[in-house]
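Below is one structure, written out as C-alpha cells; the observations come after it.
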Amino acid sequence: MTTMTWPDDKKIIPYNPRDKTLSTIKALFYNVGFTTAFIYSVVSLVLEPLLRVQFEQRHQLSLYTLLRIRRVVNSAQKKLRTTPVSTLEFNKQDKSAERCIQTDDLFEKEVTFEAQTHWPDIESKINGAVWKLNHINQSIHSSSNDIASFSFQVKLLTDQMQLTDTSEKVIHKAKKVAVSIRQIKGWYVQGKIPK
Numbered sequence: 001m002t003t004m005t006w007p008d009d010k011k012i013i014p015y016n017p018r019d020k021t022l023s024t025i026k027a028l029f030y031n032v033g034f035t036t037a038f039i040y041s042v043v044s045l046v047l048e049p050l051l052r053v054q055f056e057q058r059h060q061l062s063l064y065t066l067l068r069i070r071r072v073v074n075s076a077q078k079k080l081r082t083t084p085v086s087t088l089e090f091n092k093q094d095k096s097a098e099r100c101i102q103t104d105d106l107f108e109k110e111v112t113f114e115a116q117t118h119w120p121d122i123e124s125k126i127n128g129a130v131w132k133l134n135h136i137n138q139s140i141h142s143s144s145n146d147i148a149s150f151s152f153q154v155k156l157l158t159d160q161m162q163l164t165d166t167s168e169k170v171i172h173k174a175k176k177v178a179v180s181i182r183q184i185k186g187w188y189v190q191g192k193i194p195k
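The sequence shown stops at residue 195 when you use the UniProt record's numbering, and every number in between is there.
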C-alpha cells in the first residue's frame, strides 16, 4: 500500500471559522457608513449652499418688511392726535384717554362733604336773616335802624361764609391730585416713566 505523506505540522496554518452573521453586520455597517458619508457630502456640497441662499433671502425679506413696518408706525404716530391725561379734567369734555382707566369722582365728592362741617351754623344764620327780612317786609314802616341791623347781619353772614368756605381750595387740591395721578398712570401705560 501506498503511504500517504502528511504535511509537516509547522506548515499547517490553524483556521478560525468566521461567523456569517458577524460578517454580515460588519458589511452592513460599512455600507451604512459609506452611504452616510455620501449623503453628508451631498448635503454639505449641494443642499447647504441652497439653504444658506434661501435663509439669506428670508433674512433680507424680514429686514425689509420690518423697516417698512417701522416707517408705517412712525408715520402713523406722527399723524396721531393724542390728548394728555392731565388736560381731561374729570372727563368734562367728550374726549377720553387712550389706553388709560380713569379714576372716579368719588374722591372729589368725599372731600366736598368733609368741607361742609360749618354749614349748619351758616344755615341758621340764613334762616335768621330770612326771618328778619320777612319781618322788615311785613312792617312797611320799619325804621332805618332795623334795616341797618339787617344789612350788618348780612355782612356778617357773607364774611363767615367766605372764612369758613374752604371747599374751593379743597376741590382745587383734589383736582390737582387726581390730574397728577392720571398723568402718572398715563406714563406707566405708555411706558414713558421719567427717571
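Glycine residues also receive a C-beta, built at the ideal position from the N, C-alpha and C atoms. All values reported here derive from a predicted model rather than from experimental measurement.
Can you tell me whether residue 182 is buried or exposed, with buried defined as 16 or more other CB within 10 angstroms of its CB?
-> Per the 10 Å Cβ criterion, buried.
Residues of its chain near residue 100, where Cβ-Cβ distance is below 8 Å and the 5 sequence neighbours each way are ignored = In this prediction, residue 100 scores a pLDDT of 49, lower than 50, which makes its location untrustworthy; no coordinate-derived value is stated.
Residue 181 lies in the alpha helix (DSSP H); which residues open and close that run?
-> 167-190
Inter-residue CB distance, residue 132 and residue 162 (contact presumed, cutoff 8 Å) = Contact flag wrong, Cβ pair sits at about 20 Å.
Which residues bound the alpha helix (DSSP H) around residue 64?
-> 48-79
Residue from 124, 32, 174, 135 whose Cα sits closest to the Cα of residue 156 = 124
Following the continuous alpha helix (DSSP H) through residue 39, name the residue where it begins and the one where it ends.
-> It spans 20-42 - the alpha helix (DSSP H) in which residue 39 sits, taken as one unbroken run.
Can you tell me which of the three DSSP states residue 126 falls into?
-> helix
Distance between beta carbons of residue 122 and residue 160, contact taken as under 8 Å = 7 Å
Taking just the CA atoms, how far does residue 17 sit from residue 29?
-> 21 Å
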